[in-house]
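Chains as they are written, first to last, in UniProt numbering: chain A, 1 to 467; chain B, 1 to 467; chain C, 1 to 467. Just below is one structure, and these are the notes that go with it.
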Amino acid sequence: MERPRHQSMAKNTYMRWRLPLVCLLWEVAMIVLFGVFVRFSPEADAHWEEEKREMNLTSDIENDFYFRYPSFQDVHVMIFVGFGFLMTFLKRYGFGAVGFNFLLAAFGIQWALLMQGWFHSFKNGKILIGVENLINADFCVGSVCVAFGAILGKTSPIQLLVMTLFQVTLFAVNEYILLNLLHVKDAGGSMTIHTFGAYFGLTVTRILYRPNLEQSKDKQGSVYHSDLFAMIGTLYLWMYWPSFNSAISEHGDAQHRAAINTYCSLAACVLTTVAFSSMLQKKGKLDMVHIQNATLAGGVAVGTSAEMMLTPYGSLIVGFVCGIVSTVGYVYLTPFLESRLHIQDTCGIHNLHAMPGLIGGIVGAITAAAATEDVYGKEGFIKAFDFTGEYQTRTPSIQGGFQAAGIVVSLLMAFGGGALVGAILKLPMWGDAAAENCFEDDVYWEVPEDEESDVYHMHNPDKPTSP
Amino acid sequence: MERPRHQSMAKNTYMRWRLPLVCLLWEVAMIVLFGVFVRFSPEADAHWEEEKREMNLTSDIENDFYFRYPSFQDVHVMIFVGFGFLMTFLKRYGFGAVGFNFLLAAFGIQWALLMQGWFHSFKNGKILIGVENLINADFCVGSVCVAFGAILGKTSPIQLLVMTLFQVTLFAVNEYILLNLLHVKDAGGSMTIHTFGAYFGLTVTRILYRPNLEQSKDKQGSVYHSDLFAMIGTLYLWMYWPSFNSAISEHGDAQHRAAINTYCSLAACVLTTVAFSSMLQKKGKLDMVHIQNATLAGGVAVGTSAEMMLTPYGSLIVGFVCGIVSTVGYVYLTPFLESRLHIQDTCGIHNLHAMPGLIGGIVGAITAAAATEDVYGKEGFIKAFDFTGEYQTRTPSIQGGFQAAGIVVSLLMAFGGGALVGAILKLPMWGDAAAENCFEDDVYWEVPEDEESDVYHMHNPDKPTSP
Amino acid sequence: MERPRHQSMAKNTYMRWRLPLVCLLWEVAMIVLFGVFVRFSPEADAHWEEEKREMNLTSDIENDFYFRYPSFQDVHVMIFVGFGFLMTFLKRYGFGAVGFNFLLAAFGIQWALLMQGWFHSFKNGKILIGVENLINADFCVGSVCVAFGAILGKTSPIQLLVMTLFQVTLFAVNEYILLNLLHVKDAGGSMTIHTFGAYFGLTVTRILYRPNLEQSKDKQGSVYHSDLFAMIGTLYLWMYWPSFNSAISEHGDAQHRAAINTYCSLAACVLTTVAFSSMLQKKGKLDMVHIQNATLAGGVAVGTSAEMMLTPYGSLIVGFVCGIVSTVGYVYLTPFLESRLHIQDTCGIHNLHAMPGLIGGIVGAITAAAATEDVYGKEGFIKAFDFTGEYQTRTPSIQGGFQAAGIVVSLLMAFGGGALVGAILKLPMWGDAAAENCFEDDVYWEVPEDEESDVYHMHNPDKPTSP
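Below is the structure:
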């Protein structure tokens, strides 16, 4: 009862031994590495009572768990439901969108706990993890989900796992350079997550360029209900983005402020997205692609500056601009990238993450450079930019320069890393599908017969209905 | 490949210049007004370290962010996913339901921050916003979402934006009268959000009465999957309603109590809804419309009293009654309102918000009037009703009277405001659709070809299948 | 326009008087019992100010509400959206899945508040409830949702309400034996919720065995979109399981640790599920049934031990094993149970809850038996296992023995209780459907005409298209 499928290019998409092998080997590796390295942070360890006494804490509520766990859960929803469902817009790739996103993220968070742990939470030979590590692991995987958007529908699950392995590694290195060597602020990850993730993914998809992709053009669109499923992803990303940008900010005012700035930026972004979606269409109708994606650009673009004194109106301005940039990108830039630069960007991550991520880095640099003790208060100023120890002589304008350097480093890491990983993924053993089978769940999934298919079958045009 | 559509009444629904203009102008206005007026509250400002010292706070956990942010996020989900998806039950209006709700809410929260800020958070010429303002803005927009339910499918996005502008303004005025002048308690908004929002929306839809609406009757129903999408909205509203009713209550016992009361009321409401849904149907089958809506009436109806000592069994009784009232309303009242009073109420907000909102106001007045120092404790009594300063001589029975006055004021504001706004929306320039095109996404949205449509096309009845 | 339906066995599924009667009677009983017994706990009562003074609390943030409410909301989502949508995978039983789950859970939480209250929160003749009681009630209902999975599609709503009444009662007794008499730890409910709930449900479905169920075989599968709806349930269960397992742990490190362990176990579980799903299928394709269910087994299996010092790598190992066990179960065990043991397990709860629940109990017993003061610290050791009062002489190995006894007791309660309740549900008056009408919403719900149905109608094979 399966619909006939052209197997002309006869790619071997048989996963039976390769996929299990990769999954099992990697999970065993995780267990071994966790066994050697990973332990609980003092706040999650049963010795906490002693820790509390040592730190003069009078209440369990001072445990970082209560400061960050609600935000962690929101971020968690963004990674698994947000990104997963955002990508279900394709008519026949819902299982792949939500299922492969689930797979790569579940692997990625484990590897990220290790990689980020070695760089940031390593003490006496052990990685000590607490709720902040979980958030950071989700963040790291977020950059992989972004890159996944560019190659959605064109890669095998093994390729995605390979990409995740490399991208998480590179993410951790880039993050270390930015946060520790350059002493850059990037709490919501405009640079480390979005700029890096998006340009990485775009480079990968450029290298994996498929000249015959128009063979599966009929499957690159959405159907009515798949667009509604995608809106679940959109809304959860939109609603929880204030938690994303504030999740790892300093306790107190910084978390509070980051949430408010993000909320404002996102609200403004919706209005300019709607405006330009209608304006750029001859019939003036709204396009679901824009509403699903460009409305989120405002969250990306305040990722660096949300915890700074960007102010609510500053956030509105950033959101205003990004809704426009992103929507215009979908209308003009995506087709251009595909036809001229051979960058096939399934979800349009260039418009949602790359450009807004760059804007976010720049806005962050400017906001940092413009900081004054007057605006932040003497203590607030030092706390906001962590101008202590070896950095106590840094001035705002120098900080702005370093922030800008962070953008450049992220771009270089993305292009270099993406080229490397793209080359690896191009090897012929990973089981990706032929061009005519792209954007089709049937290649890697047991797909149930649809009610629609039943109808197809009942009225099979090959079978004459009247003899 | 587009299905033929009668354009007999030839309404101009072309949005290309009008919608962008409204969106951009209003967003620019927001930026200017935010620039002039809006700043961070002390708890979100970088001067927080100094503030903390002044207020003798020993820990960052005392920042209001940690008391209210989780509730804020739940409320946020209710407004965008809850209301948005609840309205996707229509077979061909899912984009409009979730998309226009997104648009109006994103604009509404900005305008609400300003309007409510001028009334409640204005200090030295600036509106100082923190997490509580975000919650209140969401609340305010909640009343617009309620009103949207009455006119769902019959209005253009511009009309919705115009309505939002006016309704938010009137909401803020009404709220000021109730909370500040009458000193009324209404933490969950039975009066300010539901009674006001619902009667406002019903008045608007009455004035926009469409005599020929039966022309789009085939689109006023649901399909199987659209009913499941709507259940996403229902469940998120139902689950998070305890957060809604407790979000802005006093710290400590009041928030705790409000959540418990709401939880109880909602649980009871489900059982009587199911009972009456089955009982009022000849075949005894359950109706999804009731399950999707009437199960929520219990949350509406304890909006005023949830933070008071309503007690768990009191909450059960309120939920019990409201499940019945609401379900009976769907079966008998909605058709009556349409045929006799010309009130076309797409989502039945009269049953879900108007009547339960009134009941909620009355229950609140009774609960307040019945309060005693014995039940609340001496301090608890004063704290619960804020009987301090000029109100320290107020007695429970007087408070009950003022609560009742709050209902009347909300009704008057709703009728008056709804009439005014309805008249404005009736002007012929807003681009609403002709009667036969109501409840149809295709008017304002690029709608993808459905798999179903493909089938339609394959078996086009105009094209004979056998020659 | 309704499709013809064989009513050969002519079961009376008419609910009109029976269902309303049960719902109303039971809700009235709840109101009376709540009126007699249920009051607010001190932390939710208006006397809280005095309580605070007595307990020397300096801040409202010490109210248990702020420690547990975010976790409560996550658990709430798991029960209503998680379980509800997980079961929507059937092509024509989405209303029943999400609607009946809603109904039974809304009743169950009320009855659980009473039953658990009498056992655990009874003071001076009153049950004093706070946020922890709400979580426990949700937990208790969770075991009913598990059992519902076994009989999904084959029972009437009345049967479900009857089952809920009995199962909640037995749950509370079993929980009392384990937690109070055996002094067993089971914060995430591997034994009390999953083992008990699953074997209870399997016993019930065994007794309700339907020999002719293959008559509705065409409806036992999924369609494309129903599988996506089910993934909403899966992901919310998966994401929020760390909150589930940590929700009622001790404040501080125990909650923190439980969340981390669960997070790790779940992540590992996804990879082995994917591996074995592909490996056990001739074509090597992934099966949505496995992804939807077996990925969650890791959460079940650390339910007892998550709050202990299981360590992150220990959690990975548990998750690793359970993904395999669960997936293998779906492929080999479920068909075996049906054909040989006449256990018809619609959702495969044997694989998702029964086996992982048992594993969870065993892992808990081992982890407890292996506990040392060295690993936990002197204070942490006593706190973790509550070795105070009459239990201060208990050693880890004895605790391990009691934990094991807890598994046995849970199994015995499940088999005994399930047999009893199964026998009651077999009585012929509850209105269950004939075998050929199972897995079909149309029996108990008003089902809208589908777009697909329209097509069926248009091309009705009974009506010749060419004369």
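For each residue, glycine too, the CB sits at the ideal point set by N, CA and C. Note that this is a predicted model, so its numbers are computed, not measured.
| Query | Result |
| --- | --- |
| For C/L33, the three-state DSSP class (helix, strand or coil) | helix |
| CA-to-CA distance, C/N180 to C/E390, given in whole angstroms | 12 Å |
| Top-ranked residue by Cα proximity to B/L316, from B/V28, B/T334, B/P335 and B/T295 | B/T295 |
| Runs of alpha helix (DSSP H) wholly within the segment 155-208 of chain B (minimum 4 residues, chain order) | 157-176 and 196-207 |
| Straight-line gap, B/T164 to B/W26 (C-alpha atoms, nearest Å) | 12 Å |
| Near-chain A residues of the segment 383-411 of chain B - C-beta to any C-beta below 7 Å | none |
| Rounded separation between C/G319 and A/A354 - CA only | 36 Å |
| Coil, strand or helix - B/I359 by DSSP | helix |
| Check whether A/F34 and C/P312 have beta carbons under 8 Å apart | yes |
| Nonlocal neighbours in the same chain, by C-beta distance under 6 Å from C/A259, ignoring five residues either side | P242 and S246 |
| Cα-Cα separation between C/D74 and B/V173, rounded to whole angstroms | 36 Å |
| Separation of A/F40 from B/G361, as counted between CA atoms | 50 Å |
| Buried/exposed call for C/P464, threshold 16 Cβ in 10 Å | Unreliable placement is indicated for C/P464, whose pLDDT of 38 sits below 50; no coordinate value is reported for it. |
| Chain-ordered residues of the segment 366-378 of chain B with a beta carbon less than 8 Å from chain C | V375, Y376 and G377 |
| Same chain, Cβ closer than 7 Å to residue 473 of chain A, neighbours up to 5 away in sequence not counted | One cannot answer for residue 473 of chain A here, as it falls past the ends of chain A, which runs 1 to 467. |
| 8 Å Cβ cutoff met for C/F439 and C/Q220 | yes |
| Residues in the segment 120-145 of chain C having any Cβ partner in chain B nearer than 7 Å | I129, G130, V131 and L134 |
| For A/E338, the nearest candidate out of A/V168, A/I158, A/R210 and A/Q159 (CA to CA) | A/R210 |
| Three-way DSSP call (helix, strand, coil) for A/V302 in this model | coil |
| B/W445, DSSP secondary structure in three states | strand |
| Listed by chain order, chain A residues near B/V77 by CB distance under 9 Å | L235, Y236, M239 and Y240 |
| Chain C within 8 Å of A/G99, Cβ atoms only | yes |
| Test: A/Y456 CB closer than 8 Å to a CB of chain C | Note that A/Y456 scores 37 on pLDDT, short of 50, meaning its location in the model is unreliable; the coordinates nonetheless yield the value given after this. So, not an interface residue. |
| Paired residues, beta bridge with B/L128 - DSSP | B/R39 |
| Which of helix, strand or coil DSSP assigns to A/F122 | strand |
| Spatially closest choice to residue 472 of chain A from C/G380, C/D386 and C/S410, by CA coordinates | Chain A is shown from 1 up to 467; residue 472 of chain A falls before or after that span and cannot be answered. |
| Sequence-distant residues of the same chain with beta carbon closer than 6 Å to A/V325, five excluded per side | M355 |
| C/L104, DSSP secondary structure in three states | helix |
| Complete alpha helix (DSSP H) runs within the segment 374-443 of chain B (minimum length 4 residues, chain order) | 378-385 and 396-425 |
| 8 Å Cβ shell around C/Y240 - same chain, five flanking residues per side excluded | D74, V75, V77, M78 and G82 |
| Within-8 Å CB hit, B/N56 to chain A | no |
| As assigned by DSSP and simplified to three states, the class of A/L25 | helix |
| Distance between beta carbons of C/G323 and C/V270, contact taken as under 8 Å | 7 Å |
| Limits of the unbroken alpha helix (DSSP H) element including A/W241 | Y224 to S246 |
| C-beta neighbour in chain A for C/Y66, strict 8 Å | yes |
| B/R16 beta carbon near the ligand MG (any heavy atom closer than 7 Å) | Among the components of this structure there are no ligands whatsoever, and the ligand MG is therefore not found. |
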